[in-house]
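> Submitted below is the structure of interest, expressed as structure tokens.
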Amino acid sequence: MNKSLLALSLVKKATTDISGVTSTSTGIDYQDLALNIFLKFIDVIEGAIIIAVGMFAIKLLRRYLAKVEVTHERQRTALNLLEKISTGFVFVISITLGLKIIGLDLTLLVSVMTLGLSFGLGDVVKNYIAGLLILFKSPFEIGDVVTIRSFTGKVEKIEFQSVTMRTFDQKVVTIQNSDLLTQSIVNFSKSAQSRLEINIPLGYGSDVRRAVLIFDKILQNNPVILKAPKYSIVVKTFAERGINILLRFWVQKPCNVLKIRSDLAVQIQEAFDEEKIFAPYSRESGLNDLYGMTAARKERLTAFYGQPILADIAGQTISQIAAAAPVAAEEYGDADEPE
92 MNKSLLALSL VKKATTDISG VTSTSTGIDY QDLALNIFLK FIDVIEGAII
142 IAVGMFAIKL LRRYLAKVEV THERQRTALN LLEKISTGFV FVISITLGLK
192 IIGLDLTLLV SVMTLGLSFG LGDVVKNYIA GLLILFKSPF EIGDVVTIRS
242 FTGKVEKIEF QSVTMRTFDQ KVVTIQNSDL LTQSIVNFSK SAQSRLEINI
292 PLGYGSDVRR AVLIFDKILQ NNPVILKAPK YSIVVKTFAE RGINILLRFW
342 VQKPCNVLKI RSDLAVQIQE AFDEEKIFAP YSRESGLNDL YGMTAARKER
392 LTAFYGQPIL ADIAGQTISQ IAAAAPVAAE EYGDADEPE
């Protein structure tokens, strides 16, 4: 039934009393005025009902997604995005329809919102867009160990504005999502295995083949080190102080990387002491403490080009021979630090 006819029938009795009352001085038709007021009241009721239904739908949707989030912890960010998009969509549609039925002009409201986004919310919108890109590209998830900028730690929160991570010295770092779009991200949790490296220096004159056999035995008997992929032991460089041996091996994650390295270092040092494998020998300390060098080492320890160290430094002062190169730094970091 036509809304106008329905409203007219409802106010028929009221308008009968004033149907003939039309001010000749003002030209006001009170019957039409009463009808318009009643129709506007009906529009307001309809708009309010639509908005109320939209708010109720948002409440039900949030309650449902909260239950799903309990059993899908790692998808929490995606569920939060779904909640914001869906509830925002329902909210905008219900408000728009409600206000349109009431008869309010939304042009001014849209203009004000656009102006606010352009000037005051530029960075906020940029972070939100970056958050969406991060969510869909999924370079990391909550609980992953990552390196962003100079920070290494575990991701605790992924939000639309920022990402929060906790370093292994318990510092909480918050990084804006827009910054992540221009930063390199290293994720140590994407694979189930991790390769570690340890650089072991040997002094010239040491039995390198014997040292390699010791390394092989230690790595082979360590239950934490994987046998496939196979570990490797290679002679890396000939430095001024000695020979650098590189150990590469794989471990299953998660693991205590620092403890693994520490245990290997202790085993290697104990084996070196037992087998008389020499560490790099400093020429300066050799002059100050020659009595601490065994006879066997004096015979076997040679400098470059086969020249004995003692002959090489004969007649020189400590300041003349103290230009020894520093030990090469390790080529790995503790980014995959233990849980």
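Here the sequence shown stands for residues 92 to 430, where the numbers follow the numbering used here.
We treat Cβ as the ideally placed atom computed from N, Cα and C, and that holds for glycine.
A quick note: this is a predicted structure, and the numbers were derived from the prediction, not measured.
1. Mind checking isoleucine 141: buried by the 16 CB within 10 Å criterion, or exposed?
2. Can you check whether the C-beta of isoleucine 220 is within less than 8 Å of a C-beta belonging to chain D?
3. Taking the C-alpha atoms as reference points, what is the distance between valine 325 and valine 303?
4. Give the list of continuous beta strand (DSSP E) stretches no shorter than 3 residues that lie fully inside the stretch 205-278.
5. My guess is that asparagine 244 and valine 264 are in contact by the Cβ rule of under 8 Å, so how many angstroms apart are they, rounded?
6. Throw me the rounded Cβ distance for the serine 353 and arginine 339 pair, which I believe falls under 8 Å.
7. Assess contact between the stretch 174-185 and the stretch 147-160, defined as three or more Cβ pairs (one per stretch) separated by less than 8 Å. Is contact present?
8. Can you confirm whether the stretch 343-360 touches the stretch 283-292 when touching is taken to mean that 3 or more C-beta pairs between the two stretches lie within less than 8 Å?
9. Under 7 Å Cβ to Cβ from proline 320, same chain only, skipping five residues before and after it: list those, please.
10. Three-state secondary structure (DSSP) at asparagine 127?
11. Could you check the C-alpha separation between lysine 318 and valine 246 for me, to the nearest Å?
12. One question on the structure: do asparagine 218 and phenylalanine 242 come within less than 8 Å of each other, judged by their Cβ atoms?
13. Along the chain, where does the beta strand (DSSP E) containing arginine 286 start, and where does it finish?
14. Look at the Cβ atom of asparagine 268, then the Cβ atom of serine 280, and state whether they are nearer than 8 Å.
15. Any idea what DSSP makes of isoleucine 368, helix, strand or coil?
16. Thinking C-beta only, is phenylalanine 231 closer than 8 Å to isoleucine 276?
17. Under DSSP, the beta strand (DSSP E) around lysine 327 begins and ends at which residues?
18. Would you kindly report the start and end of the unbroken beta strand (DSSP E) that includes valine 303?
19. Skipping 5 residues on each side, what residues in its chain have a beta carbon closer than 7 Å to that of glutamine 343?
20. Is the beta carbon of valine 299 less than 8 Å from the beta carbon of isoleucine 334?
21. Is the CB-CB distance between valine 348 and leucine 310 below 8 Å?
22. Can you look up arginine 339 in the DSSP assignment and give me helix, strand or coil?
23. Can you give me the Cβ contacts of alanine 221 inside the same chain, cut-off strictly under 7 Å, excluding the 5 residues immediately before and after it?
24. If you count every other CB in all the chains shown that lies within 10 Å of the CB of leucine 151, and 16 or more means buried, which is it?
Result, derived from the coordinates:
1. In the sequence shown, residue 141 corresponds to position 50, counting from 1. That one is buried.
2. Protein chain content of the structure displayed is limited to a single chain, and chain D is not contained in it.
3. Residue 325 sits at position 234 when you count from the first residue of the sequence shown. Residue 303 sits at position 212 when you count from the first residue of the sequence shown. When rounded, the distance between both Cα atoms is 8 Å.
4. 236-239, 242-249, 253-258, 263-267, 276-278
5. Along the sequence shown, read from residue 1 onward, the residue named residue 244 stands at position 153. Along the sequence shown, read from residue 1 onward, the residue named residue 264 stands at position 173. Rather than asparagine, the amino acid found at residue 244 in this sequence is glycine. Right, their Cβ atoms sit about 7 Å apart.
6. The residue given as residue 353 occupies position 262 in the sequence shown. The residue given as residue 339 occupies position 248 in the sequence shown. Contact between serine 353 and arginine 339 fails: their C-beta atoms lie close to 18 Å from each other, not under 8 Å.
7. yes
8. yes
9. On the sequence shown, position 229 is the one that residue 320 refers to. Correct list, in chain order: Trp341.
10. Reading the sequence shown from its first residue, position 36 is the one you call residue 127. In the structure shown, asparagine 127 sits in a helix (DSSP, three-state: H, G or I).
11. Within the sequence shown, numbered from 1, the residue matching residue 318 stands at position 227. Within the sequence shown, numbered from 1, the residue matching residue 246 stands at position 155. Their backbone Cα atoms lie some 30 Å apart in a straight line.
12. Mapped onto the sequence shown, residue 218 falls at position 127. Mapped onto the sequence shown, residue 242 falls at position 151. Not in contact: asparagine 218 and phenylalanine 242 (Cβ atoms no closer than 8 Å).
13. As a working note, residue 286 is residue 195 in the sequence shown. Element bounds for arginine 286: 284-294.
14. Sequence index remark: in the sequence shown, residue 268 carries index 177 (1-based). Sequence index remark: in the sequence shown, residue 280 carries index 189 (1-based). No. Outside cutoff.
15. On the sequence shown, position 277 is the one that residue 368 refers to. Correct three-state label for isoleucine 368: coil.
16. As a position in the sequence shown, residue 276 is number 185, starting the count at 1. As a position in the sequence shown, residue 231 is number 140, starting the count at 1. Result yes, Cβ atoms of isoleucine 276 and phenylalanine 231 sit closer than 8 Å.
17. Here residue 327 corresponds to residue number 236 of the sequence shown, with the count starting at 1. For lysine 327, the uninterrupted beta strand (DSSP E) segment begins and ends at 323-329.
18. In the sequence shown, counting from the first residue as 1, residue 303 sits at position 212. Valine 303 -> not in any beta strand (DSSP E); alpha helix (DSSP H) instead, spanning 299-312.
19. Taking the sequence shown and counting its residues from 1, the one referred to as residue 343 is at position 252. Counting only Cβ-Cβ distances below 7 Å, and skipping sequence neighbours, we find Ala283, Gln284, Leu317.
20. Indexing the sequence shown from 1 puts residue 299 at position 208. Indexing the sequence shown from 1 puts residue 334 at position 243. In contact: valine 299 and isoleucine 334 (Cβ atoms closer than 8 Å).
21. Numbered from its first residue, the sequence shown carries residue 348 at position 257. Numbered from its first residue, the sequence shown carries residue 310 at position 219. No; because the gap between Cβ atoms is not below 8 Å, this pair is not in contact.
22. As a working note, residue 339 is residue 248 in the sequence shown. It is a strand residue.
23. Within the sequence shown, the letter at position 130 stands for residue 221. Excluding residues within five positions, the ones whose Cβ falls inside 7 Å are Asn268, Ser269, Leu271, Leu272.
24. In the sequence shown, counting from the first residue as 1, residue 151 sits at position 60. Classification of leucine 151: exposed, given that the 10 Å Cβ count is below 16.
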